[in-house]
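Colleague: Here the protein sequences come in this chain order: A and B.
Quick note: the first sequence uses my numbering, first residue 4, plus one each step.
Quick note: the second sequence uses my numbering, first residue 709, plus one each step.
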Amino acid sequence: EPEVTQTPSHQVTQMGQEVILRCVPISNHLYFYWYRQILGQKVEFLVSFYNNEISEKSEIFDDQFSVERPDGSNFTLKIRSTKLEDSAMYFCASSELGRGSSYNEQFFGPGTRLTVL
Amino acid sequence: GNSVTQMEGPVTLSEEAFLTINCTYTATGYPSLFWYVQYPGEGLQLLLKATKADDKGSNKGFEATYRKETTSFHLEKGSVQVSDSAVYFCALRRSDSWGKLQFGAGTQVVVTP
């Protein structure tokens, strides 16, 4: 069964460093998403991406964050200068359909745990 | 704004017991409602969904009914198994959204033999 994969499973970085979290969505999916979950808190939406553009983003997704689909298979989240409060589990998701469709089930990856020291 | 509130856990049950996890929402318009489940070490998986009032979503013995009058989407299962131990998340998606899911805090369920 197709699945969303994420690498690495755990990333440790120093405050101020850049990190890139990688995701491989399901191959025929066109819509891509990033969410994060700070320990003990809710899963929060960060951004959605379609047709090589951001289609929706939250207030969390500020200038320190960027997303990219560098090739036909990967979808990345970059944090330019990490802060302590960026420590969280980051989930990638993808869906075949998008806005206006009631059938756009989002499939989630297992997550990358980011620890900022 | 939109929000989802679900009961706090952990909820500890014996095998074959009845499970209810309460979920209420605040939203404008007619959102779609979802239950996701997260097993240890895995990502979130869609358990069931409902896209309009009075719809009932069901899967793997779990059920939830979209109640617009009470703005609720409570999850139920008549007889739980140890393998149902997981964290359950209630979520909504606005109809005008590009896919943004808004989640509740999650409820951990522990089923003991």
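Ideal placement from N, C-alpha and C gives every residue a C-beta, glycine not left out.
Does Glu88 of chain A come out as helix, strand or coil in the three-state DSSP assignment?
Modeller: helix
Colleague: Can you grab the Cα-Cα spacing for the pair Leu809 of chain B / Gly112 of chain A, in whole Å?
Modeller: Distance between the alpha carbons of Leu809 of chain B and Gly112 of chain A is about 15 Å.
Colleague: I'd like to know whether the C-beta atoms of Gly814 of chain B and Val795 of chain B end up nearer to each other than 8 Å.
Modeller: yes
Colleague: Helix, strand or coil: how does DSSP classify Ser805 of chain B here?
Modeller: DSSP places Ser805 of chain B outside both helix and strand once states are collapsed to three, so it counts as coil.
Colleague: Against chain B, with Cβ distances strictly below 8 Å, would Phe94 of chain A count as a contact?
Modeller: yes
Colleague: Taking just the CA atoms, how far does His32 of chain A sit from Leu42 of chain A?
Modeller: Straight-line Cα distance between these residues: approximately 29 Å.
Colleague: Is the Cβ-Cβ distance between Ser766 of chain B and Cys731 of chain B less than 8 Å?
Modeller: In this structure, Cys731 of chain B does not lie closer than 8 Å to Ser766 of chain B by Cβ.
Colleague: Taking the CB atoms as reference points, tell me whether Ser58 of chain A and Ser69 of chain A lie closer together than 8 Å.
Modeller: no
Colleague: With a threshold of 8 Å between beta-carbons, can Ser849 of chain B be considered close to chain A, or not?
Modeller: A query on residue 849 of chain B cannot be resolved here, the shown segment of chain B reaching from 709 to 821 and no further.
Colleague: Taking the beta strand (DSSP E) that Leu741 of chain B belongs to, which residues open and close that run?
Modeller: 740–746
Colleague: What's the call for Ser805 of chain B, buried or exposed, on a 16-neighbour Cβ count within 10 Å?
Modeller: buried
Colleague: With DSSP as the reference, label Ser793 of chain B as helix, strand or coil.
Modeller: coil
Colleague: Under 8 Å by Cβ, that's how I've got Gln714 of chain B and Cys798 of chain B pegged, so tell me the actual separation to the nearest angstrom.
Modeller: 5 Å
Colleague: Would you say Arg801 of chain B and Pro739 of chain B are within 8 Å of each other, going by their C-beta atoms?
Modeller: Contact: yes.
Colleague: For His13 of chain A, tell me which candidate among A:Met92, A:Ser97, A:Leu49, A:Glu21 has the shortest Cα-Cα distance.
Modeller: A:Met92
Colleague: In whole angstroms, what is the alpha-carbon distance linking Ile29 of chain A and Gly114 of chain A?
Modeller: 15 Å
Colleague: How should Ser722 of chain B be labelled, buried or exposed, when 16 other C-beta atoms within 10 angstroms of its C-beta is the threshold for buried?
Modeller: exposed
Colleague: Please confirm if Phe68 of chain A has its CB atom under 8 Å from at least one CB of chain B.
Modeller: No, its Cβ sits nowhere closer than 8 Å to a Cβ of chain B.
Colleague: So the beta strand (DSSP E) Glu771 of chain B belongs to, where does it begin and stop?
Modeller: 770–773
Colleague: Select from B:Ser803, B:Leu741, B:Gly751 the residue whose C-alpha is nearest the C-alpha of Phe811 of chain B.
Modeller: B:Leu741
Colleague: Indicate whether Thr85 of chain A and Ile23 of chain A have their beta-carbon atoms separated by less than 8 Å.
Modeller: Against a cut-off of 8 Å, the Cβ pair of Ile23 of chain A and Thr85 of chain A comes out as no contact.
Colleague: With distance defined between alpha-carbon atoms, name the residue in A:Val119, A:Trp37, A:Glu21 nearest to Val27 of chain A.
Modeller: For the set A:Val119, A:Trp37, A:Glu21, the Cα lying nearest the Cα of Val27 of chain A is the one of A:Trp37.
Colleague: Name the one or two DSSP bridge partners that Ile82 of chain A has.
Modeller: A:Val22, A:Phe68
Colleague: Taking Lys768 of chain B as the reference, give the member of B:Lys776, B:Ser711, B:Trp743 with the closest Cα.
Modeller: Its Cα nearest to that of Lys768 of chain B, the residue B:Trp743 stands out among B:Lys776, B:Ser711, B:Trp743.
Colleague: How is Trp812 of chain B classed by DSSP in three states: helix, strand or coil?
Modeller: Correcting the residue type first, residue 812 of chain B is Gly in the shown sequence and not Trp. Coil.
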